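Peer 1: Chains as they are written, first to last, in the working numbering: chain A, 1 to 305; chain B, 306 to 635; chain C, 636 to 935.
Got a structure here, written out as structure tokens. Questions coming.
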Amino acid sequence: MNEPVIELCEVELKFPVGADWRGRPKAYAHALNGLNLRIENGETIGVVGESGCGKSTLAMILLGLVQPTNGKVMRQVESASAMQIVFQDPQSSLNTRMPIWRIITEPIFARTKRSKHQLRTKAAELAKKVGLRPEVLDRFPHEFSGGQRQRIAIARALSSDPKIIVLDEPTSALDISVQAQILNLLDDLKQQQGLTYIFISHDISVIRHMCDRVVVMYLGQIVEIGRCEAVLDNPRHPYTKLLLESVPKMQQAGDLDASLENTELPSNRNLPLGCFFQERCSLADEACSQLQTMQDGVRCNKFSK
Amino acid sequence: MPIDMSDKTILKIEDLHLNFPIYQGAVHAINGVSLYVDEGEIVGIVGESGSAKSVTAMAALRLLPKGSFRLTNGNITMLGHDILKISEAEMNSLRGNQVAMIFQEPQTALNPTKTIGKQMFKVIQLHTGKKRKEARNLALCLLQDMRINDAEEILQRYPFELSGGMRQRILIGLAFACSPRLLVADEPTTALDVTVQRQVLQLMRAKARKTSTAILFISHDLALVSQFCDRIYVMYAGSIVEEGPTKLVLSAPAHPYTQALVRALPESSTKGQRLESIPGTVPKLTIKQEACSFRERCDHAHDLCVKIPSLVMSGVKTQKAACWLLEKVR
Amino acid sequence: MSEILQEKSAKQEKPIKKRSFIDWRYLWYQLTGSPLTMVGLVVILLILILVIFAPIFATHDPNTIDLRARLASPSADHFFGTDEVGRDIYSRILFGGRLSIAVGFGVVIVAGFIGTLIGALSGLIGGWFDTITMRIMDVVLSVPSLVLIMALAAALGPSLVNAAFAIAIVRIPYYVRLSRGQALLVREMPYVAAAQTFKASRWHILRWHVIPNILSPIVVQATLDLGNTILLAAALSFIGLGAQQPTAEWGAMVATGRNYILDQWWYSGFPGFAILLTATAFNIFGDGIRDILDPKQNAH
Chain A
1 MNEPVIELCE VELKFPVGAD WRGRPKAYAH ALNGLNLRIE NGETIGVVGE
51 SGCGKSTLAM ILLGLVQPTN GKVMRQVESA SAMQIVFQDP QSSLNTRMPI
101 WRIITEPIFA RTKRSKHQLR TKAAELAKKV GLRPEVLDRF PHEFSGGQRQ
151 RIAIARALSS DPKIIVLDEP TSALDISVQA QILNLLDDLK QQQGLTYIFI
201 SHDISVIRHM CDRVVVMYLG QIVEIGRCEA VLDNPRHPYT KLLLESVPKM
251 QQAGDLDASL ENTELPSNRN LPLGCFFQER CSLADEACSQ LQTMQDGVRC
301 NKFSK
Chain B
306 MPIDMSDKTI LKIEDLHLNF PIYQGAVHAI NGVSLYVDEG EIVGIVGESG
356 SAKSVTAMAA LRLLPKGSFR LTNGNITMLG HDILKISEAE MNSLRGNQVA
406 MIFQEPQTAL NPTKTIGKQM FKVIQLHTGK KRKEARNLAL CLLQDMRIND
456 AEEILQRYPF ELSGGMRQRI LIGLAFACSP RLLVADEPTT ALDVTVQRQV
506 LQLMRAKARK TSTAILFISH DLALVSQFCD RIYVMYAGSI VEEGPTKLVL
556 SAPAHPYTQA LVRALPESST KGQRLESIPG TVPKLTIKQE ACSFRERCDH
606 AHDLCVKIPS LVMSGVKTQK AACWLLEKVR
Chain C
636 MSEILQEKSA KQEKPIKKRS FIDWRYLWYQ LTGSPLTMVG LVVILLILIL
686 VIFAPIFATH DPNTIDLRAR LASPSADHFF GTDEVGRDIY SRILFGGRLS
736 IAVGFGVVIV AGFIGTLIGA LSGLIGGWFD TITMRIMDVV LSVPSLVLIM
786 ALAAALGPSL VNAAFAIAIV RIPYYVRLSR GQALLVREMP YVAAAQTFKA
836 SRWHILRWHV IPNILSPIVV QATLDLGNTI LLAAALSFIG LGAQQPTAEW
886 GAMVATGRNY ILDQWWYSGF PGFAILLTAT AFNIFGDGIR DILDPKQNAH
């Protein structure tokens with residue numbers, strides 16, 4: 001087993017919601033509820049789950065943009081330059097008022113003074129790495145298509161020589177043909193530079209293609225974790241099963257006539273007692289009214305011995 | 306003025322050409338699109354961004370802002386009406402009573418300041434002329450069809466109190482209020498999670514089958530379309546490159562673009578292998594296409610491809626593709 | 636990502652190459668599509684040329700007294716007539732315009748610069764800094780601006796510089812409010828979040844992200860403000876708190892000319908018309924620019 005680069009230990013995060021007349025919060029939104037996660041050097045770890053499951057909040061915690069309410073985040077790398085992020089929407093993640101070479105080298109000149117010439121040389125080098133022609137450096141983001149913009153965002157992430165890159169739905173806003181280009185690029189960069197990826201996505205097929213390990217999140221908790229193939233081919237937790245069944249697959253017409261489940265997420269203001277998934281679970285019984293613990297990579301009493 | 310056509314065809318678009326005039330020229334968005342939707346049929350339009358799949362649907366419903374576009378050629382016939390000729394009043398009554406629409410964002414389609422009930426009753430009364438009490442019964446009925454259990458209570462709520470999936474189900478229910486012959490759904494589940502998406506689509510399809518409503522379903526998601534639609538059109542850069550029964554088109558695509566698209570899906574490659582991507586980008590639509598629009602990205606391009614191909618039978622029944630390769634085969 | 640949005644952005648991709656974030660050619664294209672804005676622009680340019688090259692266009696020295704030609708009516712020699720000591724009104728309007736327009740630009744630049752900086756910082760930093768700044772601005776805004784300007788100008792002593800200073804101080808809160816609101820929007824953009832991941836300083840975010848992205852509404856506000864400021868400066872001079880005799884200044888000329896308004900209409904009439912024309916031209920142009928730079932604001 002490789003050494004860990006980041007370890008999360010019982011991380012909890014809650015946000016105050018509303019305030020009474022004395023400024024005390026009326027309630028808390030529980031974004032993360034006890035996360036334990038060990039990210040190893042050089043792996044690609046996928047994070048899947050539906051909106052509101054806390055996967056983007058997890059990214060913020062990992063990057064140190066948000067501090068956990070409880071629990072510890074242990075980094076084996078200094079966080080400033082060693083971790084970078086690529087966002088979902090390449091339209092809004094690039095400042096339209098900056099030329100490309102400035103955008104790419106922003107992580108450098110934001111912290112240290114460099115001459116224009118040095119920055120441009122570095123920008124040209126990075127542009128080449130992500131498959132952009134050097135002529136584009138003087139242009140502005142609105143002149144580029146979504147895929148090219150995402151390449152620019154990746155070049156920016158690479159410019160501070162990071163060890164870890166958090167990819168927050170990097171291809172969700174892209175077309176299929178472009179998605180393939182970007183995924184290949186990410187793969188190449190990982191091979192060349194020995195990067196560690198934290199790949200957040202709702203797209204199971206992308207996760208399956210890219211990741212070594214996968215984490216399934218539900219309501220701010222990890223419900224299942226394991227090798228990518230193991231989890232996605234033989235899901236054990238009922239939620240993982242539901243998620244995988246719901247993903248549309250090619251050439252399975254008629255699948256839509258299957259039974260209907262309750263799809264409403266419980267509120268994260270008042271967390272359910274016991275298993276978080278019990279209201280939607282077909283296997284729920286008395287044992288599920290107990291808080292579930294993570295055992296053998298799955299948080300469900302039906303599957304842990 | 307009903308035009309003579311087979312009763313079964315709900316919507317027919319013939320050789321539609323449409324462009325948007327802009328600063329210095331025009332964007333040639335639709336370049337010769339022909340399609341039809343028969344009664345009770347679920348027809349999909351798939352394509353990537355810029356393929357004009359939404360614009361085609363908007364044009365068919367006459368929802369494009371007046372003056373923003375130029376229609377240079379083509380015919381649109383819907384339920385026997387010539388869409389390009391009828392008056393605004395006729396168009397409105399057609400849109401309200403026979404054709405319904407569902408869009409991507411369930412938030413923007415509902416008025417945030419009124420309860421769900423008030424909005425539903427108003428729409429139902431407007432389109433069916435029912436009394437308030439009957440309208441209420443119909444609304445409850447529609448919500449139950451959409452598997453909304455506590456329908457009575459939902460009617461009292463405001464849109465922001467409901468989840469995205471719930472709002473979209475309400476809108477779909479509402480779309481069926483006037484028993485439309487055609488439902489146009491433009492990426493109706495793109496903003497929703499997969500588990501919710503599946504449920505919404507299941508409900509939509511069940512209801513459409515029950516009332517034999519035709520659906521024109523617009524999506525970028527091949528897998529989704531493969532599960533949902535009977536027949537599909539694949540669009541690229543403003544024209545239809547392939548059409549046919551969903552199963553056939555996606556399992557044995559005839560057009561190089563469809564082939565490449567299917568191969569580019571992560572599920573079509575084994576892990577660790579490189580994905581097959583389509584090199585290059587979509588051609589600039591500001592230049593009028595005189596050649597096959599996929600030519601520059603196509604592995605099979607040859608001399609004939611400098612001319613625009615037309616849709617021809619691929620050899621398999623009812624599957625057509627617009628590619629010169631097929632012409633040669635014949 | 637909505638399909639329609641993407642198609643729109645594809646539509647906006649123009650064949651020409653741009654090397655600046657303001658597409659001047661596109662701006663010009665939009666301008667030609669809005670005749671009223673063009674009229675405003677042409678009038679502004681004409682006024683600017685006349686005023687900047689006043690020594691060339693003027694027919695007389697603005698301060699030469701010619702008692703033989705007191706209160707002469709408009710003629711070939713004196714286009715706009717003369718005043719009570721025989722000074723040429725046409726020439727005085729040209730030279731007076733220099734002051735009025737200089738005050739306009741000076742005030743807008745100073746108030747705009749300081750206001751934008753405070754507002755952007757306030758929006759970016761938030762917290763107690765924001766609260767205190769905004770409360771101070773609220774206090775300033777709660778007093779009717781003309782009253783406040785008059786009080787300030789009177790306290791500083793009557794002179795055009797002091798009047799300009801007073802106007803600038805009173806206009807600052809408008810820029811603060813505008814730029815703070817815009818900064819709050821920019822602060823939430825993913826590119827700012829990205830900058831935070833590599834520990835960019837607040838100054839960096841202000842300099843590279845906030846300021847460039849809030850500039851266009853501020854430019855619009857400034858253009859609209861130019862007309863108002865010229866009007867205000869003239870008003871202060873009119874009531875004796877601005878430019879003092881014998882300086883040629885539009886407001887002061889209208890004030891003196893008021894005594895002769897029944898018999899010598901041209902004395903106050905032409906300077907008054909100059910004020911009206913300049914203020915209107917800047918307002919029309921500002922309105923047009925706003926529609927061009929921010930079409931959403933005008934959407935029906």
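Heads up, the beta-carbon is just placed ideally off N, CA and C, and yes, glycines get one too.
Owing to the predicted nature of the structure, the values given are computational and were not obtained by experimental measurement.
Kindly list, in the order they appear in chain A, the residues whose Cβ is closer than 7 Å to that of C:Met-824.
Peer 2: Here the neighbours are Ser-92.
Peer 1: What three-state label does DSSP hand B:Phe-599 in the structure shown?
Peer 2: Here B:Phe-599 sits in coil by DSSP.
Peer 1: Work out the CA separation of C:Ala-788 and C:Ile-853 for me, nearest whole Å.
Peer 2: Answer to the nearest angstrom: the Cα atoms are 26 Å apart.
Peer 1: Is A:Ala-180 close to chain C? Criterion is C-beta to C-beta, closer than 8 Å.
Peer 2: Judged by the 8 Å Cβ criterion, A:Ala-180 is not in contact with chain C.
Peer 1: For chain B, is any of its Cβ atoms less than 8 Å away from the one on A:Val-247?
Peer 2: Yes, contact with chain B.
Peer 1: Expressed to the nearest angstrom, what Euclidean distance is found between the alpha-carbon atoms of A:Leu-126 and C:His-839?
Peer 2: A:Leu-126 and C:His-839: Cα-Cα distance of roughly 22 Å.
Peer 1: Quick one: does A:Leu-65 have its CB under 8 Å from some CB of chain C?
Peer 2: With 8 Å as the cut-off, A:Leu-65 counts as an interface residue toward chain C.
Peer 1: Run through the segment 488 to 540 of chain B for me and flag every whole alpha helix (DSSP H) of 4 or more residues, listed as ranges in chain order.
Peer 2: You should have 499 to 516, 527 to 533.
Peer 1: Taking 8 Å as the threshold (C-beta atoms), are C:Ile-874 and C:Thr-913 in contact?
Peer 2: For C:Thr-913 and C:Ile-874, no; Cβs fall outside 8 Å.
Peer 1: Can a CB atom of chain C be found closer than 8 Å to the CB of A:Phe-87?
Peer 2: A:Phe-87 counts as touching chain C.
Peer 1: Quick one: what does DSSP say A:Tyr-28 is sitting in, helix, strand or coil?
Peer 2: Strand.
Peer 1: With 8 Å as the threshold, decide whether the Cβ of A:Ile-176 is near any Cβ in chain B.
Peer 2: Interface residue, yes.
Peer 1: Mapping the DSSP letters down to three states, classify A:Val-5 as helix, strand or coil.
Peer 2: Of the three classes helix, strand and coil, the one that applies to A:Val-5 here is strand, per DSSP.
Peer 1: Taking the straight line between their C-alpha atoms, what separation do you get for C:Thr-667 and A:Leu-242?
Peer 2: Rounded to whole angstroms, C:Thr-667 to A:Leu-242 spans 58 Å at the Cα level.
Peer 1: Decide yes or no for the touch test of the segment 883 to 892 of chain C against the segment 745 to 761 of chain C: beta carbon pairs closer than 8 Å, at least 3 of them.
Peer 2: No: fewer than three Cβ pairs fall under 8 Å.
Peer 1: Is there a C-beta anywhere in chain B that falls below 8 Å from the one on A:Leu-35?
Peer 2: Not an interface residue.
Peer 1: Using 8 Å for Cβ pairs, my map puts A:Val-215 next to A:Ile-225. What's the rounded Cβ distance?
Peer 2: 5 Å between Cβ atoms; contact.
Peer 1: Kindly list, in the order they appear in chain B, the residues whose Cβ is closer than 8 Å to that of A:Val-206.
Peer 2: The contacting residues are Pro-571.
Peer 1: Under 8 Å Cβ to Cβ from B:Gly-345, same chain only, skipping five residues before and after it: list those, please.
Peer 2: So the qualifying residues of the chain are Ala-513, Arg-514, Ser-517, Thr-518, Ala-519.
Peer 1: Can you check which of these residues, C:Arg-806, C:Thr-699, C:Tyr-725, C:Ala-801, is closest to C:Thr-751 by C-alpha distance?
Peer 2: Of C:Arg-806, C:Thr-699, C:Tyr-725, C:Ala-801, the residue nearest in Cα terms is C:Arg-806.
Peer 1: According to DSSP, what are the bridge partners of A:Phe-87?
Peer 2: According to DSSP, which records beta bridges pairwise, A:Phe-87 is partnered with nothing at all.
Peer 1: Here's the rule: buried if 16 or more other CB atoms are within 10 angstroms of the residue's CB, otherwise exposed. What is A:Val-206?
Peer 2: Buried, since its Cβ has 16 or more Cβ neighbours within 10 Å.
Peer 1: Under 8 Å, do A:Val-247 and A:Leu-167 count as touching if we go by C-beta distance?
Peer 2: No, they are not a contact pair.
Peer 1: Tell me, to the nearest whole angstrom, how far the beta carbon of C:Val-720 is from that of C:Arg-705; I am working on the premise that it is less than 8 Å.
Peer 2: C:Val-720 to C:Arg-705, Cβ: 7 Å. Contact.
Peer 1: How about the segment 112 to 124 of chain A and the segment 796 to 804 of chain C: do they share at least three Cβ pairs that are nearer than 8 Å?
Peer 2: No, the segment 112 to 124 of chain A does not touch the segment 796 to 804 of chain C.
Peer 1: Along the chain, where does the beta strand (DSSP E) containing A:Glu-43 start, and where does it finish?
Peer 2: Careful: A:Glu-43 lies outside any beta strand (DSSP E) and carries neither H nor E.
Peer 1: In whole angstroms, what is the alpha-carbon distance linking B:Cys-597 and B:Ala-627?
Peer 2: Near 9 Å, if we compare the C-alpha coordinates of B:Ala-627 and B:Cys-597.
Peer 1: For B:Arg-472 versus B:Leu-415, is the C-beta distance shorter than 8 Å?
Peer 2: It is a contact, given that the beta carbons lie within the stated cut-off.
Peer 1: Tell me whether A:Met-74 is buried or exposed, calling it buried when 16 or more other Cβ atoms sit within 10 Å of its Cβ.
Peer 2: Classification for A:Met-74: exposed.
Peer 1: Counting only the same chain and skipping the five closest in sequence on each side, list residues whose C-beta sits under 8 Å from that of A:Ala-31.
Peer 2: Cβ neighbours of A:Ala-31 beyond the five flanking positions: Leu-13, Lys-14, Phe-15, Gly-54, Thr-57, Gly-220, Asn-268.
Peer 1: Can you tell me the Cα-Cα spacing of B:Leu-479 and C:Gly-862, whole angstroms?
Peer 2: Approximately 52 Å between the Cα atoms of the pair.
Peer 1: Can you give the Cα-Cα distance for A:Trp-101 and C:Thr-915, rounded to whole angstroms?
Peer 2: Distance between the alpha carbons of A:Trp-101 and C:Thr-915: 43 Å.
Peer 1: DSSP on C:Gly-747, reduced to helix/strand/coil?
Peer 2: Of the three classes helix, strand and coil, the one that applies to C:Gly-747 here is helix, per DSSP.
Peer 1: Since A:Arg-151 meets chain C, which of its residues come closer than 7 Å, beta carbon to beta carbon?
Peer 2: By Cβ distance, chain C contributes nothing, its closest Cβ being about 15 Å from A:Arg-151, past 7 Å.
Peer 1: Closer than 7 Å by C-beta to A:Pro-4: which residues in its own chain qualify, once you throw out the five before and the five after it? Chain order, please.
Peer 2: Here the set comprises Arg-38, Ile-39, Glu-40, Gln-76.
Peer 1: List the endpoints of the continuous beta strand (DSSP E) containing B:Asp-688.
Peer 2: Residue 688 of chain B lies beyond the stretch modelled for chain B, which goes from 306 to 635, so this question has no answer here.
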